[in-house]
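Just so we're aligned, residue 1 is where the sequence shown starts under UniProt numbering, counting upward by one. One structure below.
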Amino acid sequence: MPHGYVCLTFDFDALSVWVDRGQLTATPRSRGEFAAVAVPRLLEVLARRGLAATWFVPGHTARTYPELCRRIRDGGHEIALHGYAHENVAVLEEDAERAVLDRSVEALREVAGTEPRGFRAPAWDLSENTVALLNERGLRYDSSMMGHDYAPYRCRTGDRVDAEGTVWGEETPLVEVPVSWSLDDLPHLEFLSSPARTLPGLGDAERMFADWELDLRYMLRETEQGVLTVTFHPQVIGRGHRLLRLEEWLDRVAGHGVEFATVGAVADLAVGGARLGRPKAAPPRG
Ligand SMILES: [Zn+2]
Numbered sequence: 001m002p003h004g005y006v007c008l009t010f011d012f013d014a015l016s017v018w019v020d021r022g023q024l025t026a027t028p029r030s031r032g033e034f035a036a037v038a039v040p041r042l043l044e045v046l047a048r049r050g051l052a053a054t055w056f057v058p059g060h061t062a063r064t065y066p067e068l069c070r071r072i073r074d075g076g077h078e079i080a081l082h083g084y085a086h087e088n089v090a091v092l093e094e095d096a097e098r099a100v101l102d103r104s105v106e107a108l109r110e111v112a113g114t115e116p117r118g119f120r121a122p123a124w125d126l127s128e129n130t131v132a133l134l135n136e137r138g139l140r141y142d143s144s145m146m147g148h149d150y151a152p153y154r155c156r157t158g159d160r161v162d163a164e165g166t167v168w169g170e171e172t173p174l175v176e177v178p179v180s181w182s183l184d185d186l187p188h189l190e191f192l193s194s195p196a197r198t199l200p201g202l203g204d205a206e207r208m209f210a211d212w213e214l215d216l217r218y219m220l221r222e223t224e225q226g227v228l229t230v231t232f233h234p235q236v237i238g239r240g241h242r243l244l245r246l247e248e249w250l251d252r253v254a255g256h257g258v259e260f261a262t263v264g265a266v267a268d269l270a271v272g273g274a275r276l277g278r279p280k281a282a283p284p285r286g
């Protein structure tokens with residue numbers, strides 16, 4: 001049995017993220033195109049090590065790059081949902097959000113012939129209806145929330161939080177495989193600018209991977225069967241200096257006795273009753 005799990009996830013936003021940002025002049029579009037240059041490089045990095053990852057693919061990307069999506073599928077990876085055109089579902093009415101979900105499922109079915117089992121919200125924000133809609137769809141997991149670092153948990157509906165206090169809602173069958181901005185390459189590394197905000201990015205990839213390795217070491221020391229989920233974007237991680245750091249990191253991680261697993265596989269373990277990410281029992285004092 002492995003000491004823990006690492007989920008490698010890739011958000012293949014390509015041009016869709018620039019659609020969502022309303023930045024559709026030639027250069028932002030070309031930044032989206034670069035993702036398609038990076039995907040074969042990443043598939044090669046993973047194939048050389050025999051690793052399966054989870055790729056969150058917007059419907060827009062699937063229809064723009066159908067051959068690449070089929071290559072991802074044929075590489076033994078999981079393909080899951082990430083909106084249609086990278087919509088912020090948090091601001092959508094229920095019917096509009098349901099329509100986006102239907103359209104994104106349809107795109108992945110048509111292009112890759114796969115039935116997605118999980119969802120990641122673009123920009124990691126959910127509406128009050130998202131969990132119910134994902135359950136209604138029969139999906140197994142979400143991977144957008146941040147309520148734990150190492151333990152998958154059940155998503156709730158009906159939480160009420162206001163200035164008076166908090167009333168927790170009901171747990172649902174949907175499994176959350178949690179994420180974190182600190183475990184995402186984009187805020188560390190990518191420079192983004194718009195009239196609304198600037199994300200400085202352009203940090204040191206070696207530093208980012210060193211921090212992620214510390215998160216992993218802490219997980220292995222403190223938890224049983226913990227899960228560390230890291231998020232990459234092909235357009236970010238797919239440049240030379242970052243790819244070399246990624247390769248080094250993957251090889252170091254493999255030395256820690258963890259198993260690389262897809263998010264879907266981890267969600268299946270959680271549904272099957274595996275106690276993932278629980279604190280280790282304290283040694284007896286004496
Ligand atoms: Zn995205």
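We put the beta carbon where it would ideally sit given N, CA and C, even for glycine. Remember, predicted model here, so these are calculated numbers, not experimental data.
| query | result |
| --- | --- |
| Continuous alpha helix (DSSP H) stretch holding Ala270: start and end | 263-271 |
| Reference Thr229, options Gly32, Ala282, Ser144, Arg245, closest by Cα | Ser144 |
| Per-residue DSSP class, three states only, for Asp159 | coil |
| For Ala210, the nearest candidate out of Tyr5, Leu246, Val45, Asn88 (CA to CA) | Leu246 |
| Best match in Gly273, Glu136, Leu243, Pro122 for proximity to Thr172 [C-alpha to C-alpha] | Glu136 |
| Any non-hydrogen atom of ligand 1 within 7 Å of Pro116 CB | no |
| Coil, strand or helix - Arg29 by DSSP | helix |
| Test item, CB below 6 Å from any non-hydrogen atom of ligand 1 | Asp11, Asp13, Val17, His82, His86, Pro122 |
| C-alpha gap between Leu186 and Thr61, whole angstroms | 18 Å |
| Nearest-angstrom Cα separation, counted from Val271 out to residue 288 | The first residue shown for the chain is 1 and the last is 286, placing residue 288 beyond what the model contains. |
| Which listed residue (Ala52, Ala36, Asp142, Leu250) has its alpha carbon closest to that of Gly83 | Asp142 |
| Touch test, the stretch 148-160 against the stretch 195-202, Cβ-Cβ under 8 Å, three pairs minimum | no |
| Which residues DSSP lists as bridging Cys7, in chain order | Thr229 |
| Whole-angstrom distance between Gly4 and Cys69, CA atom to CA atom | 29 Å |
| Residue from Thr114, Pro279, Thr157 whose Cα sits closest to the Cα of Ser127 | Thr157 |
| Closest residue to Val45 among Ala261, Ser16, Leu250 (Cα-Cα distance) | Leu250 |
| Start and end residues, beta strand (DSSP E) containing Pro122 | No beta strand (DSSP E) contains Pro122, which DSSP labels as neither H nor E. |
| Contact test: Ala35 Cβ vs ligand 2 heavy atom, cutoff 7 Å | With respect to small molecules bound, the structure shown includes ligand 1 and not ligand 2. |
| For Thr231, the nearest candidate out of Ala123, Gly50, Ala265, Leu101 (CA to CA) | Ala123 |
| Cross-strand partners of Arg154 (DSSP beta bridge) | Val175 |
| Under the three-state DSSP convention, the category Pro279 falls into | strand |
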